[in-house]
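In the UniProt record's numbering, the protein residues as written are 1 to 252.
So this is what it looks like as structure tokens:
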């Protein structure tokens, strides 16, 4: 905020290039400006920066032309009243902007707090995940070690079982051979004896069957001879001569 100057004889020199009344200063030598120009501005009162020239929006002064000369013909009280109204309006705008800034700051603080909470939770989650991965790896290592021990024990038991089974198999083989020898040889002799008896009986049966067949054939021939030849014999033919003529039926 610029210092208020009320002296009418103060020669105020402004750098026109800067364009801001905040840069107005008193100069004992009202000669050239800082940029070398010969523009001098004689003002009655400069309270704050000019909105048009200074672009900071806090001035009551009115400027005209390129030289930004103050309108000194305006009444003092009317200028002051407009300035007070402008100040009140801008103060209200400032208060409003300050409230908006505070609201935005509150929102930003809440967002920042939420972001910090999210970052904290993310860090805790990462830490928990790392601990979980570490515990899982340790559990896997322990389980693998247990499985290896169990596998070794199973292999050892399997080898012992195979050895015992071989021993039992050898013992069983010898015992089985001995038992087979005791049981098989007597049975085999009995079977051979029965087989010989069956062969003998079969031979006797075949011999008896052949004898019976021959006897039956002879009896049948005799019966045929007795029954057939008397029927076919002509009158006055002898039986013996007839049989010889028929090819020796009596011989068969």
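Ideal placement from N, C-alpha and C gives every residue a C-beta, glycine not left out.
Spatial distance of residue i from residue j (CA atoms)
i, j, result
"residue 106", "residue 98", "12 Å"
"residue 148", "residue 120", "42 Å"
"residue 195", "residue 203", "12 Å"
"residue 192", "residue 208", "24 Å"
"residue 87", "residue 94", "10 Å"
"residue 174", "residue 198", "35 Å"
"residue 102", "residue 108", "9 Å"
"residue 145", "residue 159", "21 Å"
"residue 111", "residue 84", "39 Å"
"residue 155", "residue 130", "37 Å"
"residue 164", "residue 140", "36 Å"
"residue 168", "residue 180", "17 Å"
"residue 268", "residue 176", "Residue 268 is absent from the model: the chain starts at 1 and stops at 252."
"residue 133", "residue 125", "12 Å"
"residue 293", "residue 221", "Residue 293 is absent from the model: the chain starts at 1 and stops at 252."
"residue 256", "residue 113", "The requested residue 256 does not occur in the structure, where the chain is confined to residues 1 to 252."
"residue 143", "residue 171", "41 Å"
Cut-off 7 Å between Cβ atoms - residues of its own chain near residue i, not counting five sequence neighbours on either side
i, result
"residue 189", "none"
"residue 217", "none"
Residues near residue i by beta carbon distance below 6 Å, same chain, minus five either side
i, result
"residue 127", "none"
Check: residue i C-beta below 8 Å from any heavy atom of the ligand ADP
i, result
"residue 85", "By its list of ligands, the structure shown contains no ligand whatsoever, and the ligand ADP lies outside what it can speak to."
Interface flag, residue i vs chain B, CB-CB below 9 Å
i, result
"residue 123", "Among the protein chains of the structure shown there is no chain B, as only one such chain exists."
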